[in-house]
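There are 2 protein chains.
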Amino acid sequence: MEEEREEITRFFRKSTFRKKTMIMKAGEANTLHYYIEKGLLRMYIIDQSGKEFNILFARERQWIGDLGTPAETPYFIETLENSTVYSISEDNFHILYKRYISLANYIRKSYVFLQKRFVSILSKTAEENYEELVNEHPELIQRLPQYQISSYLGVTPVFLSKILAKRSKKD
Amino acid sequence: MEEEREEITRFFRKSTFRKKTMIMKAGEANTLHYYIEKGLLRMYIIDQSGKEFNILFARERQWIGDLGTPAETPYFIETLENSTVYSISEDNFHILYKRYISLANYIRKSYVFLQKRFVSILSKTAEENYEELVNEHPELIQRLPQYQISSYLGVTPVFLSKILAKRSKKD
DNA sequence: TATTTTTCTTAAACTAGTTTATTTTTTTAC
DNA sequence: GTAAAAAAATAAACTAGTTTAAGAAAAATA
Chain H
1 MEEEREEITR FFRKSTFRKK TMIMKAGEAN TLHYYIEKGL LRMYIIDQSG KEFNILFARE
61 RQWIGDLGTP AETPYFIETL ENSTVYSISE DNFHILYKRY ISLANYIRKS YVFLQKRFVS
121 ILSKTAEENY EELVNEHPEL IQRLPQYQIS SYLGVTPVFL SKILAKRSKK D
Chain X
172 MEEEREEITR FFRKSTFRKK TMIMKAGEAN TLHYYIEKGL LRMYIIDQSG KEFNILFARE
232 RQWIGDLGTP AETPYFIETL ENSTVYSISE DNFHILYKRY ISLANYIRKS YVFLQKRFVS
292 ILSKTAEENY EELVNEHPEL IQRLPQYQIS SYLGVTPVFL SKILAKRSKK D
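Chains H and X, in that order, give the protein sequences.
Numbered by my numbering, the letters in the first sequence go through residues 1 to 171 in order.
Numbered by my numbering, the letters in the second sequence go through residues 172 to 342 in order.
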């Protein structure tokens, strides 16, 4: 187990980035996978009209990256806090998850998570999705500015603000 | 390679189902994974208000199933055509993707596909999403009734019909 | 081929969420 | 601690998509 960890570690390169650093950019190919030691990052797209949509937040002990690599990525990744991450190339990433089932399981879990999120966005109102986020990841609400959350929920900052106004009247 | 195929085949059980058969039901645990030899199936949810949302269509040489198993599944799977499928338990599925990277890769590809679909639904209009579906999977349009497609696009049948009316005026 | 059932269309009133603009509040930097 | 910048709130007019309902067309079945 300790050996395994050591061997795995050899594949990675440690880096630290200041808040608001872009570490992956749409159009790049052969992008890296990142394992987060400390900090908070987001993966997002920018649509034709220039609007941003957050696909994913990732924090301590989570992964972030485009699993579609080595193809040209359509995604951006940016640090939202000062962050320390371990990066790994696609080739080495592939070697690892061939060898260690835990990594293949991470991909599977990511899928299940995304599917759940997809269903929520599709079938629930923005208000319900906000409630769910508060209940399941209250810490994210603390760490993120409101407009990042609205982009994650697929609505405008203006609309999220309305939801919150309505919500605080109730209490 | 031929050996591998044979060994893999041993884990599966072949079944055929008539059109409109439900082969997985929300609330069940330890659900099976299905590999499709012939036919067309859908995975969907039913929300609080009773509305259905199609998560996924799967056809020949594709997989369908809840990767969240053995937990209680929130999904339904139904055949849309007479179908022949190979089913496998979670335990055996796990053994296989531990042993054969191709199966782990299928999960990864599914993730990439879902992420793309998620981004489209989030950032594009229903009309754009319909165009995309027509371009990328024209055969699905042929095989599916319109109301199944609307559910896949996350809109009502009424609205899809409007889109099509507008669309045919253009030509 | 007539009948029944399923699917699709159209219309009209409605609602969830957007857009643009202005003001207020909070955070950051010197 | 003050100025500047960033984030959040509010308002009003707008649009993408929903709901309900009724009729038309197409497909399935006897």
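Each residue gets a CB set at the ideal place from its N, CA and C atoms; glycine is no exception.
Item	Value
Does DSSP classify Asn-105/H as helix, strand or coil?	helix
Here's a check: name, in chain order, each residue in its chain whose Cβ is nearer than 7 Å to the Cβ of Leu-32/H, leaving out the five neighbours to either side.	Gly-65, Ser-87, Ile-88 and Ser-89
Which of the three DSSP states is assigned to Phe-330/X in this structure?	helix
With a threshold of 8 Å, are at least 3 pairs of Cβ atoms found where one atom belongs to the segment 64–84 of chain H and the other to the segment 15–24 of chain H?	yes
Along chain X, which residues have their Cβ under 9 Å away from the Cβ of Arg-143/H?	None at all; the shortest Cβ gap to chain X is about 22 Å.
Secondary structure at Asn-60/H, three-state DSSP: helix, strand or coil?	It should be noted that the sequence gives Glu, not Asn, for residue 60/H. Three-state result, Glu-60/H: coil.
Are Leu-144/H and Phe-289/X close, meaning C-beta to C-beta below 9 Å?	no
Does the beta-carbon distance from Gln-233/X to Ile-207/X come in below 9 Å?	yes
Using CA coordinates, which residue listed in Tyr-100/H, Lys-19/H and Leu-56/H is at the minimum distance from Lys-287/X?	Leu-56/H
Given a cut-off of 9 Å, decide if Arg-279/X and Ile-77/H are closer than it, judged by their beta-carbon atoms.	no
Under three-state DSSP, which class holds Tyr-271/X?	coil
Which value, in whole angstroms, describes the spacing of the CA atoms of Lys-185/X and Ala-104/H?	27 Å
Using C-beta distances below 6 Å, list every residue in its chain close to Phe-183/X, excluding the 5 sequence neighbours before and after it, in chain order.	Tyr-257 and Ile-259
Output yes if chain H places a C-beta closer than 9 Å to the C-beta of Ala-275/X; else output no.	yes
If the cut is a Cβ gap below 7 Å, which residues of chain X does Gly-27/H touch?	In chain order: nothing, as chain X lies at least about 16 Å away.
Looking at the secondary structure, which residues open and close the alpha helix (DSSP H) in which Tyr-86/H lies?	Taken as a continuous stretch (DSSP letters only), Tyr-86/H belongs to no alpha helix (DSSP H), being part of the beta strand (DSSP E) at 83–88.
Which residues in chain H sit within 7 Å of Arg-279/X, going by Cβ to Cβ distance?	Leu-67 and Ile-107
Which residues in chain X have a C-beta closer than 8 Å to the C-beta of Leu-32/H? List them in chain order.	The premise fails here: Leu-32/H is roughly 16 Å from chain X at the closest Cβ pair, so nothing lies under 8 Å.
Return no unless some Cβ of chain X is closer than 9 Å to the Cβ of Tyr-111/H.	yes
Determine, using beta carbons only, whether Glu-298/X and Arg-338/X come nearer to each other than 9 Å.	yes
Applying a beta-carbon distance threshold of less than 8 Å, which residues of chain H neighbour Gln-286/X?	Ile-55, Leu-67, Gly-68 and Leu-114
Anything in chain H within Cβ reach of Val-290/X, meaning under 9 Å, just list it in chain order.	Ile-45, Asp-47, Phe-53, Ile-55, Pro-74 and Tyr-75
Tell me which same chain residues have a C-beta within less than 7 Å of the C-beta of Gly-68/H, skipping the five on either side of it?	none
Mind checking Arg-10/H: buried by the 16 CB within 10 Å criterion, or exposed?	exposed
Going by the C-beta, is Ala-242/X closer than 8 Å to any heavy atom of the ligand FMN?	Inclusion of the ligand FMN in the displayed structure is not the case, the ligand content being empty and no account of it being possible.
Here's the rule: buried if 16 or more other CB atoms are within 10 angstroms of the residue's CB, otherwise exposed. What is Ala-165/H?	exposed
Rounding to the nearest angstrom, what Cα-Cα distance links Lys-20/H and Lys-295/X in this structure?	26 Å
Checking 9 Å against the spacing of the C-beta atoms, do Leu-211/X and Thr-187/X come in under that value?	no
If you follow the alpha helix (DSSP H) that Leu-304/X is in, where does it begin and where does it stop?	297–307
Can you have a look at Gln-148/H and say buried or exposed, based on whether 16 or more other CB atoms are within 10 angstroms of its CB?	buried
Tell me which residues share the same chain as Ile-45/H and place their Cβ nearer than 8 Å to its Cβ, disregarding the 5 neighbours each side in the sequence.	Ala-26, Glu-52, Phe-53, Ile-55, Pro-74, Tyr-75 and Phe-76
When the Cα of Tyr-205/X is compared with those of Arg-189/X, Ser-220/X, Arg-230/X and Asp-218/X, which residue comes out closest?	Arg-230/X
Which residue or residues does DSSP assign as beta-bridge partners of Glu-78/H?	Met-22/H and Arg-42/H
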